[in-house]
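Take a look at the structure set out below.
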Ligand code: ASP
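In UniProt numbering, the protein residues as written are 1 to 459.
Written as structure tokens, this is what we have:
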């Protein structure tokens with residue numbers, strides 16, 4: 001049995017949904033289908049999830065625009081229903097469902113209202129796609145995550161599945177019909193709806209694939225494969241044919257938006273291979289994510305870059321001798337509910353790399369004051385607008401001179417390397433640089449590690 005997940009662009013219009021049906025129809029083992037909400041049909045289009053967020057904000061702020069924003073969402077489903085030849089009744093069901101969710105405003109928390117409206121994007125799309133499958137003779141059934149028991153913890157907008165969800169969902173493998181399952185959300189044990197992080201339908205697919213022990217998790221999107229570098233920055237980068245879970249995890253952490261980084265965990269744990277494929281070109285082989293990679297052409301598999309990082313710099317003479325210094329510093333961050341990415345350190349100083357969206361001027365002030373007074377630091381300050389450039393490859397360990405090649409390529413762009421971090425697994429090498437150099441560096445590293453082989457190689 002294969003679990004297939006179709007992302008937003010794959011289900012954005014009637015034309016796209018017809019392609020999805022053809023893909024499902026072409027392989028009888030594709031029996032569990034996870035769908036996103038309708039995404040962008042063209043560049044400037046707005047994803048239904050974003051329309052729903054606007055709607056939820058309008059409801060929460062009691063704006064007059066609620067009705068108009070509701071209609072904008074319903075119109076997207078109407079256009080798809082028309083194109084698919086479905087009865088208009090399904091749009092009435094969807095509109096009634098949205099109104100019911102909106103009517104809960106005031107009696108549920110704001111967070112729940114937001115999650116509920118966001119989740120309606122995939123929920124209603126799954127209902128429509130199941131109806132379409134049946135209309136063309138593909139026996140299918142919409143499955144509610146509540147009924148199926150996709151149990152998650154109680155974190156609004158960033159829920160995670162609990163272990164018992166896998167047991168509950170495992171029975172889906174016995175279904176005689178194709179199951180159409182909405183991505184992106186589950187329910188707490190108390191039955192409260194919670195969404196995953198944005199892009200979280202990938203996570204649903206992965207949970208289901210692990211639960212039913214699928215032979216393959218196919219993740220359909222709108223590119224033929226994962227590229228070794230961002231194609232918006234590097235012209236025609238090399239396509240990756242095979243990549244390990246660890247490599248993919250490192251790449252999707254920093255800017256590889258093709259696959260949600262949390263989505264690897266469930267399948268990784270039990271070794272279910274993932275294949276990223278293109279709904280618009282399903283015969284292309286795609287990129288396979290596996291435990292062990294057969295091909296090993298080059299030590300580097302991909303290079304990613306992501307901006308939006310801040311650095312908390314702390315120095316104190318004889319820091320290395322002070323027992324518990326690091327723990328106390330990280331405790332201060334924990335008290336502010338902040339997670340950290342890297343902590344490169346010297347003898348008397350340490351930098352903590354943090355995603356900037358977690359900070360605010362007030363939080364920074366509190367942190368700086370506490371580090372000064374409680375840890376008696378000599379210097380403590382925040383710096384902003386950094387990017388992390390990540391070079392990834394299983395073949396990097398035992399490969400001498402790689403860091404030197406990377407650092408030389410970076411230095412030629414004129415950028416100063418503010419931080420270097422190599423995890424002990426040696427799967428990745430991270431460089432912290434000022435954001436303005438990000439694209440130049442990505443291009444320089446691509447030239448260094450890939451450009452020569454780009455015309456002859458498919459990794
Ligand atoms: N529709 C949600 C989003 O836009 C989840 C997803 O598509 O994976 O983030």
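Even glycine gets a Cβ: it sits at the ideal position worked out from N, Cα and C.
{"Query": "Straight-line gap, residue 383 to residue 249 (C-alpha atoms, nearest Å)", "Result": "27 Å"}
{"Query": "Proximity below 7 Å, CB of residue 205 to CB of residue 3", "Result": "yes"}
{"Query": "Nearest-angstrom Cα separation, counted from residue 368 out to residue 381", "Result": "7 Å"}
{"Query": "Span of the beta strand (DSSP E) around residue 182", "Result": "178-182"}
{"Query": "Nearest-angstrom Cα separation, counted from residue 441 out to residue 412", "Result": "9 Å"}
{"Query": "Buried versus exposed call for residue 394 [16 or more other C-beta atoms within 10 Å across all chains shown]", "Result": "buried"}
{"Query": "heavy atom of the ligand ASP below 6 Å from residue 405 C-beta", "Result": "no"}
{"Query": "Validate contact between the segment 101-110 and the segment 128-135 using beta carbons, cut 8 Å, 3 pairs", "Result": "no"}
{"Query": "Cα-Cα separation, residue 212 to residue 173", "Result": "5 Å"}
{"Query": "Among 408, 419 and 429, the one whose alpha carbon lies nearest that of residue 444", "Result": "408"}
{"Query": "The ligand ASP heavy atom lying under 6 Å from the CB of residue 49", "Result": "yes"}
{"Query": "Inter-residue CB distance, residue 186 and residue 159 (contact presumed, cutoff 8 Å)", "Result": "6 Å"}
{"Query": "Residue 198 beta carbon near the ligand ASP (any heavy atom closer than 6 Å)", "Result": "yes"}
{"Query": "Length-filtered (3 minimum) beta strand (DSSP E) runs lying within the segment 299-355", "Result": "302-315 and 349-355"}
{"Query": "DSSP three-state assignment for residue 443, whether helix, strand or coil", "Result": "helix"}
{"Query": "Residues sharing a beta bridge with residue 383, DSSP", "Result": "311"}
{"Query": "Euclidean distance between Cα positions of residue 456 and residue 447", "Result": "Reliability of the predicted coordinates at residue 456 is poor, the pLDDT of 43 falling under 50, and the value obtained from them is presented with this limitation in mind. Looking at the two C-alpha atoms, the distance is approximately 14 Å."}
{"Query": "Simplified DSSP assignment, three categories, for residue 208", "Result": "helix"}
{"Query": "Residue from 241, 97 and 313 with nearest C-alpha to residue 342", "Result": "313"}
{"Query": "Cβ-heavy atom distance, residue 210 to the ligand ASP, below 6 Å", "Result": "no"}
{"Query": "6 Å CB neighbourhood of residue 72 in its chain, flanking five on each side removed", "Result": "51"}
{"Query": "Cβ-heavy atom distance, residue 205 to the ligand ASP, below 6 Å", "Result": "no"}
{"Query": "N-terminal and C-terminal residue of the beta strand (DSSP E) that residue 193 is part of", "Result": "193-195"}
{"Query": "Exposure label - residue 259; buried when at least 16 CB within 10 Å", "Result": "buried"}
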